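In the UniProt record's numbering, the protein residues as written are 1 to 134. Where is the CB? At the ideal position from N, CA and C, for every residue including glycine. Bear in mind that the values here come from a model prediction, so they are computed numbers and not experimental data. These notes are about the structure you will find just below.
Next comes the structure, spelled out in structure tokens:
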């Protein structure tokens, strides 16, 4: 991933899917590609550190699709929504999206995103909730 972080600062779309990936290379990638608009992150061990890094470094994010086995806190999703203006789509894994506080938070901080559906994810075959532009 270091090749990408060093040579692609203008990167606009990124799709990272892996069962063995860790936060460190993903954080480095996000920090160096601040113009990313479409971000798909599907890996088992993602932590709130990645969500916080996205909030701090992705001001023009249009689409975010997250799938992981770790539970992401309501606070980290709040930090994300305050740091990024997600204009198109937010997809959260089942372990986050089933929390009713997330719905309230999205309604408050991103009222342009409406809860649309629950879909089947790819990494652990669970479901995720999709919020899209109204």
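Query raised in the report: Which residue or residues does DSSP assign as beta-bridge partners of residue 17?
Result: 42
#### Entry: residue 24 classed as buried or exposed, judged by whether at least 16 other C-beta atoms fall within 10 angstroms
exposed
**Asked** Just reading off the alpha helix (DSSP H) that residue 26 is part of, what are its end residues?
**Response** 23-32
- Query: Three or more C-beta pairs closer than 8 Å, one from the segment 7-20 and one from the segment 28-42: is that the case here?
  - Reply: yes
Original post:
Quick one: is residue 93 buried, meaning 16 or more other Cβ sit within 10 Å of its Cβ, or exposed?
Top reply: buried
Buried versus exposed, by CB contacts within 10 Å (16 or more), residue 76
buried
Going by beta carbon distance, what residues of the same chain come within less than 8 Å of residue 27, once the five residues before and after it are set aside?
49, 50 and 53
*Taking just the CA atoms, how far does residue 80 sit from residue 74?*
10 Å
Margin query: Rounded to the nearest angstrom, what separates residue 115 and residue 8 at their Cα positions?
Written below: 33 Å
- Could you tell me whether the Cβ atoms of residue 61 and residue 78 are closer together than 8 Å? no
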